[in-house]
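S.K.:
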Amino acid sequence: MNEISLNILDVAENSVSAGASLCEVDVLADTESDTLTVVIKDDGKGMSEEVVKKVSDPFYTTRTTRKVGMGTSLFKMAAEVTGGKFEICSALGAGTTVTAVFGLSHIDRMPLGDISSTIHTLMVMNTGLDWVYRFKFDENEFTVDTREIKEATDGVPIDDPDVSGFIRDMLRENHKECGADNL
Amino acid sequence: MKSIAELNAIRDRKKQAIDIREGGEKKYRVVVGMATCGIAAGARPVLTTISDMVQAEKLDDVIVQQTGCIGLCQFEPIVEVFEANDKKTTYCKVDASKAKEIVEQHLKRGQAVTEFMLSAADLEKAKA
Ligand SMILES: Nc1ncnc2c1ncn2[C@@H]1O[C@H](COP(=O)(O)OP(=O)(O)OP(=O)(O)O)[C@@H](O)[C@H]1O
Ligand SMILES: [Mg+2]
Numbered sequence: 006m007n008e009i010s011l012n013i014l015d016v017a018e019n020s021v022s023a024g025a026s027l028c029e030v031d032v033l034a035d036t037e038s039d040t041l042t043v044v045i046k047d048d049g050k051g052m053s054e055e056v057v058k059k060v061s062d063p064f065y066t067t068r069t070t071r072k073v074g075m076g077t078s079l080f081k082m083a084a085e086v087t088g089g090k091f092e093i094c095s096a097l098g099a100g101t102t103v104t105a106v107f108g109l110s111h112i113d114r115m116p117l118g119d120i121s122s123t124i125h126t127l128m129v130m131n132t133g134l135d136w137v138y139r140f141k142f143d144e145n146e147f148t149v150d151t152r153e154i155k156e157a158t159d160g161v162p163i164d165d166p167d168v169s170g171f172i173r174d175m176l177r178e179n180h181k182e183c184g185a186d187n188l
Numbered sequence: 063m064k065s066i067a068e069l070n071a072i073r074d075r076k077k078q079a080i081d082i083r084e085g086g087e088k089k090y091r092v093v094v095g096m097a098t099c100g101i102a103a104g105a106r107p108v109l110t111t112i113s114d115m116v117q118a119e120k121l122d123d124v125i126v127q128q129t130g131c132i133g134l135c136q137f138e139p140i141v142e143v144f145e146a147n148d149k150k151t152t153y154c155k156v157d158a159s160k161a162k163e164i165v166e167q168h169l170k171r172g173q174a175v176t177e178f179m180l181s182a183a184d185l186e187k188a189k190a
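Protein sequence lines, in the order shown, are assigned to chains W and H. So the numbering used here is basically just the index in the first sequence, starting at one, shifted up by 5. So the numbering used here is basically just the index in the second sequence, starting at one, shifted up by 62.
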């Protein structure tokens, strides 16, 4: 992976697989604290303590014959090489929150990349659950909530070509205005 | 900043159109592998290229979907095209420009792009 937005796409797909009905994705960049924080929170089936350990430990994972997870451990490593933090908070039946904090100006931080495509793909290709996306870069921010979109379109589906195109354009334009292209 | 208020116009236009046009028949189902292996190999720009083109050119008979790992990681990004009669074409190591070609040739003209297809020889090699 060479973009943080690709990690987000990959890790958020786990929320879909976990049967979530709502997944919230936050991307928050803050110059003052020199951090880029990504939070992926779902209300899916959650994980036992044992699985959480396996998922976030790449060494543990490679030693098991069963293929348990590349996606999450790649995300973890990407954050940790930038002097950041990584945390999974999960319990069976109680959903999962994955938090990755990157050093914003750290030389090894991957670019955020095409975050508009990631969020658009998540929302339009996974219409069985709702998505709330929050983006903030210093004082500029915006939110896209598929529940609000559904209310506004009143029965026209999210993956309708025109609605989908609108969401894509809105994400691209708002990210651009908030300076996301510099991340 | 764009706001979802703009959706009202789309809604009104669509509501009228839906009444006239019964939900169109799908001729092609395009499936892009989007597991970790696919994403790491470059599947997202492939998916974006295909869905942008399908939307821009109003290919109403095409539906684009994503799937997980199909166990052929070394050939990712993989794009499968299913036709109404369940005929399946598997394209491997697709990038944005191949994706464009697949839309132009296969989805628009009905001609599979043989040179991008996963061959029996590839599969044999993979098993070896
Ligand atoms: N949000 C989540 N909710 C519930 N279980 C999860 C969640 N995220 C990860 N898991 C569990 O951890 C496992 C490992 O996740 P990880 O993303 O690392 O790999 P994977 O999705 O199994 O495969 P891939 O390498 O293709 O990503 C998952 O298979 C799942 O069992
Ligand atoms: Mg995964």
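We treat Cβ as the ideally placed atom computed from N, Cα and C, and that holds for glycine.
So what's Glu177(H) in DSSP terms, helix, strand or just coil?
M.R.: Glu177(H) falls in the helix class under three-state DSSP.
S.K.: Quick check: is any heavy atom of ligand 1 less than 7 Å from the C-beta of Val152(H)?
M.R.: The question names Val, but residue 152(H) is Thr in the sequence shown. No, ligand 1 has no heavy atom inside 7 Å of this Cβ.
S.K.: Taking CB distances under 8 Å as the criterion, tell me whether Ser169(W) reaches chain H.
M.R.: Judged by the 8 Å Cβ criterion, Ser169(W) is in contact with chain H.
S.K.: Using the Cα positions of Leu27(W) and Ala183(H), report the straight-line distance between them to the nearest angstrom.
M.R.: Cα to Cα, Leu27(W) sits roughly 44 Å from Ala183(H).
S.K.: Residues in its own chain within less than 6 Å of Ile93(W) by CB, not counting five upstream and five downstream?
M.R.: Within the same chain, Ile93(W) has close Cβ partners Val57, Ser61, Val103.
S.K.: Among Cys135(H), Cys154(H), Leu69(H), Lys77(H), which residue has its Cα nearest to the Cα of Val143(H)?
M.R.: That would be Cys154(H), whose Cα lies nearest to the Cα of Val143(H).
S.K.: Ignore the nearest five residues each way along the sequence and tell me which others in Ile163(W)'s own chain have a CB closer than 8 Å to its CB.
M.R.: These residues qualify, in order along the chain: Met128, Val129, Thr132, Thr151, Ile154, Lys155, Ser169, Ile172.
S.K.: May I ask which residues mark the beginning and end of the alpha helix (DSSP H) holding Gly170(W)?
M.R.: Run containing Gly170(W): 166-182, per the alpha helix (DSSP H) assignment.
S.K.: Identify, in the order they occur along the chain, each residue of the same chain with its Cβ nearer than 6 Å to the Cβ of Ala25(W), setting aside the five sequence neighbours on each side.
M.R.: If we look at Ala25(W) and ignore the five residues flanking it on each side, its Cβ neighbours are Asp47, Asp48, Gly49, Leu134.
S.K.: Using a Cβ distance threshold of 8 Å, determine whether the region 81-100 of chain W contacts the region 140-150 of chain W, with at least three qualifying pairs required.
M.R.: The region 81-100 of chain W is not in contact with the region 140-150 of chain W.
S.K.: With contact counted as at least three CB pairs below 8 Å, one residue from each stretch, are the region 102-122 of chain H and the region 158-167 of chain H in contact?
M.R.: In short, these stretches touch, since the Cβ pair count reaches three.
S.K.: Based on the DSSP output, what are the partners of Ile125(H) in its beta bridges?
M.R.: Looking at the DSSP assignment, Ile125(H) forms a beta bridge with Arg91(H).
S.K.: In the DSSP assignment, find the unbroken alpha helix (DSSP H) run with Glu92(W) in it and report its ends.
M.R.: Taken as a continuous stretch (DSSP letters only), Glu92(W) belongs to no alpha helix (DSSP H), being part of the beta strand (DSSP E) at 90-95.
S.K.: What separation, rounded to the nearest whole angstrom, lies between the Cα atoms of Ile9(W) and Met115(W)?
M.R.: When rounded, the distance between both Cα atoms is 6 Å.
S.K.: Specify the secondary structure class of Cys28(W) as computed by DSSP and reduced to three states.
M.R.: Three-state result, Cys28(W): strand.
S.K.: How do the region 88-103 of chain H and the region 71-79 of chain H stand: do at least 3 beta-carbon pairs fall below 8 Å, yes or no?
M.R.: Judged by Cβ distances under 8 Å, the region 88-103 of chain H makes no contact with the region 71-79 of chain H, as fewer than three pairs qualify.
S.K.: Going by C-alpha to C-alpha distance, which of Ala17(W), Ala34(W), Cys183(W), Leu79(W) sits closest to Gly108(W)?
M.R.: Minimum Cα distance to Gly108(W) is reached at Ala34(W).
S.K.: Would you verify that the beta carbon of Phe178(H) is, or is not, closer than 8 Å to some beta carbon of chain W?
M.R.: By this cut-off, Phe178(H) is not an interface position.
S.K.: Measure from the C-beta of Phe140(W) to each C-beta in chain H and report whether the shortest distance is under 8 Å.
M.R.: No, its Cβ sits nowhere closer than 8 Å to a Cβ of chain H.
S.K.: What does the shell around ligand 1 hold, if a residue joins when its beta-carbon is under 5 Å from any heavy atom?
M.R.: In chain order, the hits are Asn19(W), Ser20(W), Ala23(W), Gly49(W), Met52(W), Val60(W), Gly74(W), Met75(W), Gly76(W), Thr77(W), Thr101(W), Ala97(H), Thr98(H).
S.K.: In whole angstroms, give me the CA-to-CA distance for Thr126(W) and Leu11(W).
M.R.: Roughly 11 Å between the two C-alpha positions.
S.K.: At the level of alpha carbons, what is the spacing between Gln127(H) and Val116(H)?
M.R.: Those two C-alpha atoms are separated by around 12 Å.
S.K.: Using 10 angstroms around the beta-carbon of Asp15(W), count the other beta-carbons present and answer buried if the total reaches 16, otherwise exposed.
M.R.: So Asp15(W) ends up on the buried side.
S.K.: Roughly how many angstroms lie between the CA atoms of Val73(W) and Ala146(H), to the nearest whole one?
M.R.: Interpretation of Val73(W) is limited by its pLDDT of 49, a score under 50 that renders its predicted location unreliable; no figure is taken from the coordinates.
S.K.: My output table needs one value for Ile45(W): the three-state DSSP class, helix, strand or coil.
M.R.: In this structure, Ile45(W) counts as strand in the three-state DSSP scheme.
S.K.: Tell me the residue span of the alpha helix (DSSP H) that contains Asn19(W).
M.R.: Taken as a continuous stretch (DSSP letters only), the alpha helix (DSSP H) holding Asn19(W) covers 9-22.
S.K.: Can you grab the Cα-Cα spacing for the pair Lys64(H) / Val94(H), in whole Å?
M.R.: So the alpha carbons of these two residues sit roughly 29 Å apart.
S.K.: Alpha carbon to alpha carbon, how far is Phe178(H) from Gly130(H)? Give it in angstroms, no decimals.
M.R.: Their Cα atoms are separated by approximately 21 Å.
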